[in-house]
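These protein sequences, in sequence, are chains A and B. Residues 266 to 379 (the numbering used here) make up the first sequence, in order. Residues 263 to 376 (the numbering used here) make up the second sequence, in order. Beta carbons are placed, not taken as given, at the ideal position from N, Cα and C, and that holds for glycine. Quick caveat, the model's predicted, so the values are computed rather than measured. Worksheet: the structure to be examined is printed underneath.
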Amino acid sequence: GESVGLHLPTLSVQEGDNSIINCAYSNSASDYFIWYKQESGKGPQFIIDIRSNMDKRQGQRVTVLLNKTVKHLSLQIAATQPGDSAVYFCAERTSGAGSYQLTFGKGTKLSVIP
Amino acid sequence: DTEVTQTPKHLVMGMTNKKSLKCEQHMGHRAMYWYKQKAKKPPELMFVYSYEKLSINESVPSRFSPECPNSSLLNLHLHALQPEDSALYLCASSQESRTGAGYTFGSGTRLTVV
């Protein structure tokens with residue numbers, strides 16, 4: 266199930282099940298939305314991105330859905346494995362001051378139960 | 263080479279010390295970034311360099327001083343830090359392409375201010 270702790274929402278799933286991680290974004294002018302995976306002691310690792318004019322994009326075992334009407338982004342992980350345990354961040358890219366910048370959402374901790 | 267390399271991996275410094283964090287990439291990316299990440303929080307943007315020029319400074323205190331000596335290197339000079347500055351400092355680079363997000367993050371420097 267999903268729970269919201271003091272700082273980081275946590276999602277616990279059984280190995281082999283599908284996981285869905287959700288994110289709300291704020292800036293309608295963002296041109297790209299990106300999902301990152303961060304393991305303990307490491308930097309964020311790119312998973313998949315989606316351009317703002319798309320509503321779905323699939324990768325290997327992952328799918329990102331974008332709903333611009335409600336400013337919602339989701340990451341679906343098929344057949345979740347123990348190695349998927351990590352914190353997942355969504356990020357939105359906006360342009361300004363002559364360059365792009367990436368703004369991260371709050372993050373969700375995914376725990377996979379073997 | 264598809265990596266962003268950060269040194270040192272860990273740093274402990276006193277409040278009167280001067281130290282520098284280093285970041286290096288050889289992917290030909292023309293934009294480089296410093297992010298600060300506290301425990302259980304998302305990375306927060308500090309600085310953006312685009313074509314070796316500082317383009318974004320997110321109101322960061324002057325005790326943090328960035329430097330971009332060339333297109334492959336990014337430094338963060340630290341002076342008179344406070345204990346609340348203890349965090350994971352992440353460097354990233356990107357193509358700044360209009361066709362993709364393409365950010366790559368380093369593993370970070372874990373900074374402890376005593």
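Between the stretch 357–368 of chain A and the stretch 278–286 of chain A, the count of C-beta pairs closer than 8 angstroms stays below three; the two stretches do not touch.
Using a C-beta cut-off of 8 angstroms, the stretch 318–329 of chain A makes no contact with the stretch 278–297 of chain B, since fewer than three inter-stretch Cβ pairs fall below that distance. Within chain B, no C-beta atom comes less than 7 angstroms from the C-beta of Gln-323/A; the nearest is roughly 16 angstroms away. One alpha carbon belongs to Val-335/A, the other to Asn-292/A, and they sit about 11 angstroms apart. A residue is called buried once 16 or more other Cβ atoms fall within 10 Å of its Cβ, and Lys-271/B, having fewer, is exposed. Inter-residue distance for Ile-313/A and Tyr-351/B is about 23 angstroms (C-alpha atoms, whole angstroms). Under the three-state reduction of DSSP output, Glu-346/B falls in the helix class.
For Glu-358/B, the number of other beta carbons within 10 angstroms of its own is at least 16, and it is reported as buried. For Gly-276/B, the secondary structure class from DSSP, reduced to helix, strand or coil, is coil.
Our two residues, Tyr-295/B and Leu-338/A, have alpha carbons roughly 24 angstroms apart in a direct line. Scanning its chain for C-beta atoms nearer than 8 angstroms, with the 5 sequence neighbours on each side dropped, one finds around Arg-326/A the residues Ile-342, Ala-343 and Ala-344, in chain order. Taking a cut-off of 8 angstroms on C-beta distances, the stretch 327–345 of chain B does not touch the stretch 367–378 of chain A, as fewer than three cross pairs fall below it. Taking CB atoms only, Pro-309/A has a neighbour in chain B less than 8 angstroms away. Residues of the same chain with a CB within less than 7 angstroms of the CB of Ala-351/A, apart from the 5 flanking positions on each side, are Lys-302, Gln-303, Glu-304 and Leu-375 in chain order. With fewer than 16 other Cβ atoms from the protein chains shown falling within 10 Å of its own Cβ, Val-376/B counts as exposed.
In the three-state DSSP reduction, Pro-347/A falls in the helix class (H, G or I).
In this structure Phe-354/A touches Pro-304/B by the C-beta definition: roughly 6 angstroms separates them, less than 8 angstroms.
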